[in-house]
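Below is one structure, written out as structure tokens; comments come after it.
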Amino acid sequence: MSLTPGKCFKPMLAHPSKGIDEVLKKFGGKDDFACEWKYDGERIQVHRTQAGKVQLFSRNQLETTNKYPDVVERLSKCLAPGTKDFIADGEVVAWDVDKATILPFQTLSTRKRKAADSNSVKVQVVIFLFDLIYVNGKSLVDLPFRQRRQQLHQKLIQVPGSVFFVTSMDTKDPEEIGDFLQDAVRGSCEGLMLKTLDSPYLVVIGGYNGEGRRQTVYGAYLLAVYDSKSKEYQTICKVGTGFTDNDLRKQFKEFGKLRIKEPLSNYAYHRSLEPDFWFEPKVVWEIKAYGLTISPRHCAAKGLVDPAKGLSLRFPRFLRVRDDKKVEDATGPEQLNEMYKKQEDVANFVYKPADENDDEEEDIS
Numbered sequence: 001m002s003l004t005p006g007k008c009f010k011p012m013l014a015h016p017s018k019g020i021d022e023v024l025k026k027f028g029g030k031d032d033f034a035c036e037w038k039y040d041g042e043r044i045q046v047h048r049t050q051a052g053k054v055q056l057f058s059r060n061q062l063e064t065t066n067k068y069p070d071v072v073e074r075l076s077k078c079l080a081p082g083t084k085d086f087i088a089d090g091e092v093v094a095w096d097v098d099k100a101t102i103l104p105f106q107t108l109s110t111r112k113r114k115a116a117d118s119n120s121v122k123v124q125v126v127i128f129l130f131d132l133i134y135v136n137g138k139s140l141v142d143l144p145f146r147q148r149r150q151q152l153h154q155k156l157i158q159v160p161g162s163v164f165f166v167t168s169m170d171t172k173d174p175e176e177i178g179d180f181l182q183d184a185v186r187g188s189c190e191g192l193m194l195k196t197l198d199s200p201y202l203v204v205i206g207g208y209n210g211e212g213r214r215q216t217v218y219g220a221y222l223l224a225v226y227d228s229k230s231k232e233y234q235t236i237c238k239v240g241t242g243f244t245d246n247d248l249r250k251q252f253k254e255f256g257k258l259r260i261k262e263p264l265s266n267y268a269y270h271r272s273l274e275p276d277f278w279f280e281p282k283v284v285w286e287i288k289a290y291g292l293t294i295s296p297r298h299c300a301a302k303g304l305v306d307p308a309k310g311l312s313l314r315f316p317r318f319l320r321v322r323d324d325k326k327v328e329d330a331t332g333p334e335q336l337n338e339m340y341k342k343q344e345d346v347a348n349f350v351y352k353p354a355d356e357n358d359d360e361e362e363d364i365s
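Each residue of the sequence shown is one higher than the one before, counting from 1 in the UniProt record's numbering.
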């Protein structure tokens, strides 16, 4: 999947949790994660082309540009010097101009679905940006979240009273999270958003002929998870990014020794993904990805999330060879299924104060 300003893609959504212990348990408590104020508004995906055209999309991938002409106008002022085009994720909230404070979601819901121009708008809004997905012709999805956030602060600028960056901190300390939550509530927010994503360990089972600069090496590889119960290697993605030229040359030599004429009987794959060369399952790689998605062409965790479909990685990128991992140590389908559920429930995790009357976020697009 390639990114292009003007072409919306499905965002990762959040689900609520009531307790810090639950969050820490699901995150594993090993590393810091990003805590952000959760604003009570409407999720917005912002696209700006090099020609200056700005489009807005809801979390359901519906265009809402005409609903927010004032936001479109202000976003033209948020570019840092050198920034030409971008795709960013944010939240639009109702705004009290006189008090410079956030207004309840109910106020935002009274805003008309289409406004003639910014002068006809009665309910004023601002936008809080929290992620930069694409900038200056380059996708950022293969970068760790913290690096994307750094790029957000470098490539875009805040506009007083119009465009802001979300308030955030990195921590795994329960007391700090609790204090930060109270700050968010005092700031008229509904809770905290917590973000992380595990990196799976995958087995290389095939290679594809390279083109252009990669004519003399493999251009991409077919990767799989390992099912210790069925002894199957189930495909999960093709990966062709993250490699240096030296990586590719070295891998071409190493995998040349592992070539086999036919796939092993325990390779589970779709015919449309058949590589030019099959390999013995000997090498484990750590892969970075933007998320997991259900796939009709991949077999990983098939039957666990969907009865007829497997899971695949979104925007996979090679990180490193894991010589310390045997193929038996590679990510398995059940673990992958947990990562998928963790992504849905935790990767964008909403931590709110306990309230029996809480409802999930409503989409008003």
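Ideal Cβ placement from N, Cα and C applies to all residues, glycine included. A quick note: this is a predicted structure, and the numbers were derived from the prediction, not measured.
Does the beta carbon of residue i fall short of 6 angstroms from some heavy atom of the ligand ATP?
i: aspartate 323; result: By its list of ligands, the structure shown contains no ligand whatsoever, and the ligand ATP lies outside what it can speak to.
Suppose the cutoff is 6 angstroms on Cβ atoms and the five residues either side in sequence are ignored; what does the same chain contact list for residue i look like?
i: valine 163; result: Arg74, Cys78, Ile127
i: histidine 298; result: Thr235, Ile236, Gly310, Ser312
i: phenylalanine 57; result: Cys8, Gln45, Glu63
Could you tell me whether the Cβ atoms of residue i and residue j are closer together than 7 angstroms?
i: valine 313; j: alanine 330; result: Note that residue 313 is leucine in the sequence shown here, rather than valine. Contact: no.
i: leucine 202; j: leucine 222; result: no
i: glutamine 234; j: alanine 184; result: no
i: phenylalanine 86; j: arginine 48; result: yes
i: glutamate 274; j: leucine 258; result: no
i: threonine 101; j: serine 188; result: yes
i: aspartate 170; j: alanine 308; result: no
i: alanine 80; j: lysine 155; result: yes
i: valine 204; j: phenylalanine 252; result: no
Note down the Cα distance separating residue i from residue j, rounded to an integer number of angstroms.
i: valine 72; j: glutamine 45; result: 12 angstroms
i: tryptophan 278; j: valine 93; result: 52 angstroms
i: phenylalanine 165; j: glutamate 91; result: 10 angstroms
i: valine 283; j: lysine 326; result: 8 angstroms
i: histidine 270; j: proline 174; result: 45 angstroms
i: asparagine 136; j: aspartate 70; result: 24 angstroms
i: aspartate 324; j: leucine 3; result: 34 angstroms
i: lysine 10; j: arginine 59; result: 7 angstroms
i: glutamate 362; j: proline 333; result: Confidence is the limiting factor: at glutamate 362 the pLDDT is only 30, short of 50, which leaves the residue's position unreliable, though a coordinate-based value still follows. Going from the Cα of glutamate 362 to the Cα of proline 333 covers about 33 angstroms.
i: valine 225; j: glycine 240; result: 17 angstroms
i: valine 121; j: asparagine 66; result: 11 angstroms
i: asparagine 209; j: glutamate 232; result: 25 angstroms
i: lysine 99; j: proline 160; result: 13 angstroms
i: cysteine 8; j: arginine 186; result: 34 angstroms
i: lysine 30; j: proline 296; result: Unreliable positioning characterises lysine 30 in this predicted model, as indicated by a pLDDT of 47, which lies under 50. The coordinate reading is nonetheless provided below. Lysine 30 and proline 296: Cα-Cα distance of roughly 33 angstroms.
i: glutamine 106; j: glutamine 182; result: 22 angstroms
i: valine 123; j: aspartate 179; result: 31 angstroms
i: arginine 317; j: proline 5; result: 21 angstroms
Short of 8 angstroms in beta carbon distance, which residues of its chain neighbour residue i, apart from the five on each side in sequence? Order them along the chain.
i: glutamate 211; result: Gly219
i: leucine 140; result: Leu132, Ile133, Tyr134, Gln147, Arg148, Gln151
Comparing alpha-carbon positions, which option in the options lies nearest residue i?
i: phenylalanine 130; options: Tyr39, Cys8, Pro5; result: Tyr39
i: leucine 336; options: Leu292, Asp324, Pro281; result: Leu292
i: leucine 319; options: His153, Tyr340, Gly242; result: Gly242
i: histidine 153; options: Glu63, Cys35, Ala88; result: Ala88
i: serine 230; options: Arg59, Trp95, Ala301; result: Ala301
i: glutamate 36; options: Leu194, Arg186, Thr83; result: Leu194
i: aspartate 21; options: Ile177, Pro11, Asn66, Thr167; result: Ile177
i: tryptophan 285; options: Pro296, Ala308, Lys261, Gly206; result: Gly206
i: arginine 213; options: Gln158, Asn246, Lys53, Gly191; result: Asn246
i: arginine 322; options: Pro200, Ser272, Met339; result: Pro200
i: leucine 304; options: Glu328, Phe315, Tyr340, Arg317; result: Tyr340
i: aspartate 306; options: Phe315, Arg317, Ile294, Gln61; result: Ile294
Restricting to runs no shorter than 4 residues, where is the alpha helix (DSSP H) found entirely within the UniProt domain "ATP-dependent DNA ligase family profile" (118-222)? As far as the UniProt domain "ATP-dependent DNA ligase family profile" (118-222) is concerned, its whole alpha helix (DSSP H) runs of at least 4 residues are 145-155, 174-186.
Uninterrupted beta strand (DSSP E) stretches inside the segment 218-282 (no shorter than 3 residues): Correct list: 218-227, 232-239, 277-279.
Which full runs of the alpha helix (DSSP H) of 4+ residues lie inside the segment 58-107, going along the chain? The segment 58-107 contains these whole alpha helix (DSSP H) runs: 69-75.
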